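Numbering follows my numbering, with no gaps: position 251 of the sequence shown is 252.
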Amino acid sequence: MKKTTFRILQRLLRLGSHPASRRFAEDTEGTLMLLTLYLFLIMVFMGGLAIDLMRYEGQRVQVQNTLDRCTLMAANLKQRLDPTSVVHDCIDNANLDNALTSINVTQGFNDRSVEAVAQTEMDALFPSAVGLDSFNLVARSTAVHKLTKTEISLALDISGSMWGARLDALKQSAKDFVSAVLNNDTEKNISISLIPYAGQVNLGPDLRALYQPTPPTYDSPREKFDCIDLPDSAYAQLSLPNLLSASPTTYPMTAFTDTFNTYIKNFNNPWPVQLDIRCKPWAPVILGSQNADALKDAINGLIAEGTTSIHLGMRYALTFLDPASLPLFKAVVPKNSENAGLMPESLAARPYGFDDAESLKVIILMTDGENYEFQALNDGYQSGLSPIYQNIDGDYSIFHEPRAHVKRPSNGTHFIATGHRAGDWTSAPYQRKDTDPPPLQLTWPQVWERLRVSYVARLFYEDAFPGDAEMSYTALRDRFRKVEGAASMNAKMQSLCAMAKQERVVVYSIAFLAPKVGQEQLQACASSASHYFEVNGSNSAAAAGLSQAFNTIAGNINQLQLTE
Numbered sequence: 002m003k004k005t006t007f008r009i010l011q012r013l014l015r016l017g018s019h020p021a022s023r024r025f026a027e028d029t030e031g032t033l034m035l036l037t038l039y040l041f042l043i044m045v046f047m048g049g050l051a052i053d054l055m056r057y058e059g060q061r062v063q064v065q066n067t068l069d070r071c072t073l074m075a076a077n078l079k080q081r082l083d084p085t086s087v088v089h090d091c092i093d094n095a096n097l098d099n100a101l102t103s104i105n106v107t108q109g110f111n112d113r114s115v116e117a118v119a120q121t122e123m124d125a126l127f128p129s130a131v132g133l134d135s136f137n138l139v140a141r142s143t144a145v146h147k148l149t150k151t152e153i154s155l156a157l158d159i160s161g162s163m164w165g166a167r168l169d170a171l172k173q174s175a176k177d178f179v180s181a182v183l184n185n186d187t188e189k190n191i192s193i194s195l196i197p198y199a200g201q202v203n204l205g206p207d208l209r210a211l212y213q214p215t216p217p218t219y220d221s222p223r224e225k226f227d228c229i230d231l232p233d234s235a236y237a238q239l240s241l242p243n244l245l246s247a248s249p250t251t252y253p254m255t256a257f258t259d260t261f262n263t264y265i266k267n268f269n270n271p272w273p274v275q276l277d278i279r280c281k282p283w284a285p286v287i288l289g290s291q292n293a294d295a296l297k298d299a300i301n302g303l304i305a306e307g308t309t310s311i312h313l314g315m316r317y318a319l320t321f322l323d324p325a326s327l328p329l330f331k332a333v334v335p336k337n338s339e340n341a342g343l344m345p346e347s348l349a350a351r352p353y354g355f356d357d358a359e360s361l362k363v364i365i366l367m368t369d370g371e372n373y374e375f376q377a378l379n380d381g382y383q384s385g386l387s388p389i390y391q392n393i394d395g396d397y398s399i400f401h402e403p404r405a406h407v408k409r410p411s412n413g414t415h416f417i418a419t420g421h422r423a424g425d426w427t428s429a430p431y432q433r434k435d436t437d438p439p440p441l442q443l444t445w446p447q448v449w450e451r452l453r454v455s456y457v458a459r460l461f462y463e464d465a466f467p468g469d470a471e472m473s474y475t476a477l478r479d480r481f482r483k484v485e486g487a488a489s490m491n492a493k494m495q496s497l498c499a500m501a502k503q504e505r506v507v508v509y510s511i512a513f514l515a516p517k518v519g520q521e522q523l524q525a526c527a528s529s530a531s532h533y534f535e536v537n538g539s540n541s542a543a544a545a546g547l548s549q550a551f552n553t554i555a556g557n558i559n560q561l562q563l564t565e
């Protein structure tokens with residue numbers, strides 16, 4: 002603008018030095034008229050210049066405002082369209098698309114910068130007067146959107162295949178990740194929920210009580226077995242209702258039972274095998290923590306055992322980012338905080354809404370395997386009295402309802418399943434001596450903490466009615482338990498992944514020495530190809546690759562800028 006004004010003044014000075022002007026000035030009679038002419042010309046020039054400058058400024062402001070609005074729209078991390086296309090569409094709607102000269106987008110993990118430059122020309126209304134045919138309009142706009150509140154769900158596979166070197170590598174990489182993320186978070190804007198998973202997820206007693214307040218009664222204390230069985234509907238909806246929800250919901254606890262083991266007639270060891278108990282008494286989840294030491298201590302305590310249920314890890318990872326879980330945070334976090342039972346102020350509003358413009362929600366889903374069939378007790382065998390009795394000597398007998406088409410002794414109502422009279426029928430629960438106390442009728446939880454499902458199906462049912470298809474080992478085992486295949490589990494996981502991405506949750510996945518199916522499932526779950534890490538190689542190479550994957554994610558999170 003200064004250059005334009007300077008050129009106009011130069012034009013006026015050149016007019017004054019023209020020969021005709023000098024001759025006119027030498028004529029004393031024309032002096033007054035010359036002065037009048039000069040003043041008139043100056044008024045015309047300045048008036049025309051003022052009009053053109055007003056037009057220039059008005060159009061410049063219009064272009065600048067449009068450009069600012071368009072870059073702000075494109076920089077918004079909550080919109081999922083291509084930022085460059087957003088700028089073009091926005092400018093085009095204002096009939097200025099031809100004015101764009103450049104667009105530069107810089108995309109970070111939790112920030113986006115969009116810079117755009119527009120240039121156009123405006124015709125001058127008084128070109129002959131000032132010697133300028135047009136004015137050059139240049140507008141430049143830069144918009145930056147940075148997220149300042151970050152919530153992370155860290156779902157780690159601790160199934161049996163992770164035993165040994167793999168688990169060691171995971172522990173070190175996960176602890177390094179926690180340190181890298183939280184140690185740099187001086188403003189306490191980042192929180193991490195830890196979700197170790199195998200065949201089940203141990204919620205811990207406080208959180209479990211908000212889904213199932215009355216656990217089964219066992220002979221031996223089972224306080225640390227705090228897993229729940231979820232219905233199919235839990236994977237078809239975003240939120241997982243609980244007792245604090247508007248519509249309170251409870252779920253059955255995962256039974257302390259061995260539904261897997263098929264070694265049937267081992268009379269010396271009929272008990273459930275710890276390896277096959279789906280819910281493990283260790284590694285409970287940690288909900289929304291900013292305590293790096295507590296998280297690392299929990300990671301150090303991880304034990305690898307059991308099957309793989311990746312869909313459960315994903316279910317709770319999403320649940321702990323869901324704003325519908327805010328009542329859980331308010332109920333559970335205070336009990337585990339260092340702040341005299343009060344929720345830390347930095348966590349008071351978490352989980353934030355999915356539409357919160359300044360929040361970033363991240364899931365990191367890691368596995369070394371693939372979904373393995375899920376087994377759980379069917380309804381009717383999880384609580385209440387069973388037909389099975391145990392006498393003081395440890396012998397088991399079972400009451401069977403009379404069946405017209407099945408032959409049995411005339412007085413036979415109770416089948417003796419174990420002991421020196423195994424295979425006999427009696428008219429009452431079996432006891433060796435009349436002077437013995439009456440046999441104890443067991444509840445179903447008491448049965449399952451003593452005996453494997455396969456053991457009961459064979460000795461208590463099939464042996465009582467040999468040749469009866471309805472009482473066969475396989476029929477009874479399937480009556481006791483339900484089995485879900487890997488394909489169904491994969492579908493549930495992908496449903497959750499889709500819902501997470503729909504709510505703009507950033508999903509990272511790490512396939513650590515995983516088989517092909519596991520790799521494919523995790524790649525499909527990730528937010529994009531760049532959010533998926535595939536780690537292979539020897540133990541040492543894989544450990545280095547796993548560390549690099551976690552370091553990359555931590556490095557992206559550490560780009561967090563604490564200014565808007």
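No residue lacks a Cβ here, since even glycine has one placed at the ideal position from N, Cα and C.
The structure displayed is predicted, hence computed values, not measured ones.
{"Check": "For Leu497 and Ala237, the rounded distance between their alpha carbons", "Outcome": "7 Å"}
{"Check": "Cβ contact (3+ pairs, closer than 8 Å) linking the stretch 188-197 and the stretch 145-158", "Outcome": "yes"}
{"Check": "Nearest residue (CA-CA) to Lys536, options Gln524, Leu327 and Tyr456", "Outcome": "Reading the sequence as shown, one finds Val at residue 536 and not Lys. Here the closest residue by C-alpha is Gln524."}
{"Check": "Cross-strand partners of Glu485 (DSSP beta bridge)", "Outcome": "Phe375"}
{"Check": "Continuous alpha helix (DSSP H) stretch holding Thr320: start and end", "Outcome": "Ile311 to Thr320"}
{"Check": "Own chain, CB closer than 7 Å to Pro285, minus 5 neighbours either side, in chain order", "Outcome": "Asn203, Leu204, Gly205 and Asp227"}
{"Check": "Meets three-Cβ-pair contact criterion under 8 Å: the stretch 248-263 and the stretch 446-453", "Outcome": "yes"}
{"Check": "Beta carbon of Ala569 nearer than 8 Å to that of Val118", "Outcome": "There is simply no residue 569 to check, as the chain begins at 2 and stops at 565 in what is shown."}
{"Check": "Nearest neighbour of Trp283, chosen from Ser387, Val506 and Leu303 [CA to CA]", "Outcome": "Leu303"}
{"Check": "Cα-Cα separation between Phe611 and Ala550, rounded to whole angstroms", "Outcome": "Missing from the structure shown is residue 611; the chain here goes from 2 to 565 and no further."}
{"Check": "Assigned secondary structure, Ile229 (DSSP; H/G/I helix, E/B strand, else coil)", "Outcome": "strand"}
{"Check": "Rounded separation between Tyr317 and Ser347 - CA only", "Outcome": "22 Å"}
{"Check": "Span of the alpha helix (DSSP H), counted from its first residue to its last, around Thr553", "Outcome": "Asn540 to Ile558"}
{"Check": "Trp426 in three-state terms, based on DSSP", "Outcome": "strand"}
{"Check": "CB-CB length for Ile229 against Gly314, believed under 8 Å", "Outcome": "With 8 Å as the limit, Ile229 and Gly314 do not qualify as a contact, their Cβ atoms being about 14 Å apart."}
{"Check": "CB contact flag (Ile193, Leu155, <8 Å)", "Outcome": "yes"}
{"Check": "Among Asn94, Ala144, Asp158 and Gln291, nearest to Asn184 - alpha-carbon criterion", "Outcome": "Gln291"}
{"Check": "Of the residues Phe534, Thr121 and Leu241, the one placed nearest Thr320, counting alpha carbons only", "Outcome": "Leu241"}
{"Check": "Residue range of the unbroken alpha helix (DSSP H) whose run includes Tyr456", "Outcome": "Val454 to Val457"}
{"Check": "Residue from Tyr219, Glu374, Tyr353 and Ala235 with nearest C-alpha to Tyr212", "Outcome": "Ala235"}
{"Check": "Cutoff 8 Å; reference Leu327; Cβ partners in own chain excluding five residues on either side", "Outcome": "Ala350, Arg351 and Pro352"}
{"Check": "Contact the stretch 366-380 vs the stretch 490-508: 3+ CB pairs below 8 Å", "Outcome": "yes"}
{"Check": "Helix, strand or coil at Val112 [DSSP, three-state]", "Outcome": "Note on residue identity: the sequence assigns Asp, not Val, to residue 112. Asp112: strand per DSSP, three-state reduction."}
{"Check": "Cα-Cα separation between Ala247 and Gly354, rounded to whole angstroms", "Outcome": "17 Å"}
{"Check": "Beta-carbon spacing of Gly370, Pro249 below 8 Å", "Outcome": "no"}
{"Check": "Cβ neighbour criterion (16 or more within 10 Å) applied to Pro403", "Outcome": "exposed"}
{"Check": "CA-to-CA distance, Met494 to Ser310, given in whole angstroms", "Outcome": "9 Å"}
{"Check": "Cross-strand partners of Gln391 (DSSP beta bridge)", "Outcome": "Tyr397 and Leu441"}
{"Check": "Extent of the continuous beta strand (DSSP E) to which Phe534 belongs", "Outcome": "Tyr533 to Val536"}
{"Check": "Which residues DSSP lists as bridging Thr151, in chain order", "Outcome": "Ile191 and Leu361"}
{"Check": "8 Å Cβ cutoff, Cys526 in contact with chain C", "Outcome": "The displayed structure is made up of one protein chain only, and chain C is not part of it."}
{"Check": "Inter-residue CB distance, Ser620 and Gln173 (contact presumed, cutoff 8 Å)", "Outcome": "Within the shown structure, residues of the chain are numbered from 2 to 565, placing residue 620 beyond reach of any answer."}
{"Check": "Ala555 classed as buried or exposed, judged by whether at least 16 other C-beta atoms fall within 10 angstroms", "Outcome": "buried"}
{"Check": "Assigned secondary structure, Glu450 (DSSP; H/G/I helix, E/B strand, else coil)", "Outcome": "helix"}
{"Check": "Three-state secondary structure (DSSP) of Gly519", "Outcome": "helix"}
{"Check": "Alpha carbon of Leu288 to alpha carbon of Ile300, nearest angstrom", "Outcome": "14 Å"}
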